Amino acid sequence: MLQKTRGIALSYIRYRETSIIARVYTEEFGLQSYIVNGVRSAKSKNNRIALFQPLTLLDMVVYYKNDRDLHRLSEVKTLHPFQSLPFEVTKSTIALFVTEMLNKVLKEEAGSPVLFRFLLDSVLFLEEARSNYENFHLIFLLKLSFFLGFGPEGAREFEDQLRENSYPFLPDAAVEEALNTMLRKPFGTPISLTRTARNELANALVAYYQIHIDTVGEVKSLPVLREVLG
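Per my numbering: the sequence shown ends with 545, consecutive numbering throughout.
Put into structure tokens, the structure is as follows:
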């Protein structure tokens, strides 16, 4: 049955000689996997494989059956063409990290329009921001944790949960203030953090997710993120 939905590309793997299997978080159906034929062929038109790069926003017509794990696309196009996110090193590195975390924590379940709207608005902010986005990944993970059911009410609760699970996170007053600001204010709010504090907080947030979601495991993009932002 043909259905229209918007989606956010998360990742893809090669499938046979010229195709891919793409993972997309959709507004209507949640996390879905799609076979996309012919995109790795030399004859493929318009570089369609670029549509499935991390966090690309998609407008899709899909064949959907709720008893299948693998679906097919009828039509796909860019919902909002990117001008900066794939091309600026800092933004693309943040996007890689965010996408890896989303791949680890999003589940194959019914769509959540509220969660999709949060993800869409977050990606659009990162794409369009010209300043004050160096802490985007930290704010994003903090806000996402509420949608996943384990958001902390404040910096102290965040610290307590880490300590209870033997993670040595001892922030100073400035980092505590930054954490509380991130929890309560929107993307783009100016927040002063040293490079060291930013990297330590990224490590702590990954550990926080590992406490609550046992599938997180190692985050391979984290060292790259630390190097680029450090």
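Glycine is no exception: its CB is placed at the ideal position from the N, C-alpha and C atoms. All values derive from a computational prediction rather than experimental measurement.
* Identify the continuous beta strand (DSSP E) that holds Ile-328 and give its terminal residues. => Mapped onto the sequence shown, residue 328 falls at position 13. Unbroken beta strand (DSSP E) run through Ile-328: 317-330.
* Asked: In chain order, what residues of the same chain lie with their CB nearer than 6 Å to the CB of Ser-437, ignoring the 5 residues before and after it?
  -> Numbered from its first residue, the sequence shown carries residue 437 at position 122. Same-chain partners within the cutoff: Phe-455.
* Can you tell me the Cα-Cα spacing of Val-376 and Val-543, whole angstroms? -> On the sequence shown, position 61 is the one that residue 376 refers to. On the sequence shown, position 228 is the one that residue 543 refers to. If I take the Cα positions, the gap works out to 37 Å.
* Nonlocal neighbours in the same chain, by C-beta distance under 6 Å from Lys-500, ignoring five residues either side -> Along the sequence shown, one-based indexing puts residue 500 at 185. Taken in chain order, the list of residues that qualify is empty.
* DSSP state of Ile-336 mapped onto helix, strand, coil -> One-based indexing of the sequence shown puts residue 336 at position 21. The three-state secondary structure of Ile-336, taken from DSSP, is strand.
* Do three or more CB pairs link the stretch 530-539 to the stretch 408-417 at distances below 8 Å? -> yes
* **Lys-392: first and last residue of the uninterrupted beta strand (DSSP E) it sits in** => To locate residue 392, count along the sequence shown from 1; it is residue 77. Note, Lys-392: beta strand (DSSP E), 385-393.
* **Cβ neighbour criterion (16 or more within 10 Å) applied to Gly-322** => Here residue 322 is taken as the residue at index 7 of the sequence shown, counted from 1. Gly-322 is buried by the Cβ-count criterion.
* In terms of residues, what are the limits of the beta strand (DSSP E) holding Thr-378? -> Position 63 of the sequence shown, counted from the start, is the residue given in the question as residue 378. Note that residue 378 corresponds to Tyr in the displayed sequence, not to Thr. Run containing Tyr-378: 372-378, per the beta strand (DSSP E) assignment.
* Asked: Roughly how many whole angstroms lie between the Cα atoms of Thr-371 and Ser-326?
  -> To locate residue 371, count along the sequence shown from 1; it is residue 56. To locate residue 326, count along the sequence shown from 1; it is residue 11. C-alpha separation (whole angstroms): 10 Å.
* According to DSSP, what are the bridge partners of Gly-345? -> On the sequence shown, position 30 is the one that residue 345 refers to. Answer by DSSP bridge pairing, in chain order: Thr-341.
* What separation, rounded to the nearest whole angstrom, lies between the Cα atoms of Leu-421 and Thr-509? -> What you label residue 421 is simply residue 106 of the sequence shown in a count that begins at 1. What you label residue 509 is simply residue 194 of the sequence shown in a count that begins at 1. Distance between the alpha carbons of Leu-421 and Thr-509 is about 30 Å.
* Asked: How many Å lie between Phe-461 and Pro-467 at the Cα?
  -> Position 146 of the sequence shown, counted from the start, is the residue given in the question as residue 461. Position 152 of the sequence shown, counted from the start, is the residue given in the question as residue 467. Each residue's alpha carbon lies about 8 Å from the other.
* **Anticipated Cβ contact below 8 Å, Ser-280 with Glu-442, distance rounded** => No answer is possible for residue 280: the residues shown for the chain start at 316 and end at 545.
* To do: Check each candidate in Arg-363, Phe-344 and Pro-369 and name the one with the smallest Cα separation from Tyr-378.
  => Within the sequence shown, numbered from 1, the residue matching residue 378 stands at position 63. Considering only alpha carbons, the answer is Phe-344.
* To do: Could you tell me whether the Cβ atoms of Glu-491 and Ala-470 are closer together than 7 Å?
  => Here residue 491 refers to the residue found at position 176 when the sequence shown is read from its first residue. Here residue 470 refers to the residue found at position 155 when the sequence shown is read from its first residue. Against a cut-off of 7 Å, the Cβ pair of Ala-470 and Glu-491 comes out as a contact.
* To do: Give the range of the alpha helix (DSSP H) segment to which Ile-526 is assigned.
  => Residue numbering aside, residue 526 sits at position 211 when the sequence shown is read from its first letter. Looking at the DSSP string, the run of the alpha helix (DSSP H) that includes Ile-526 is 510-527.
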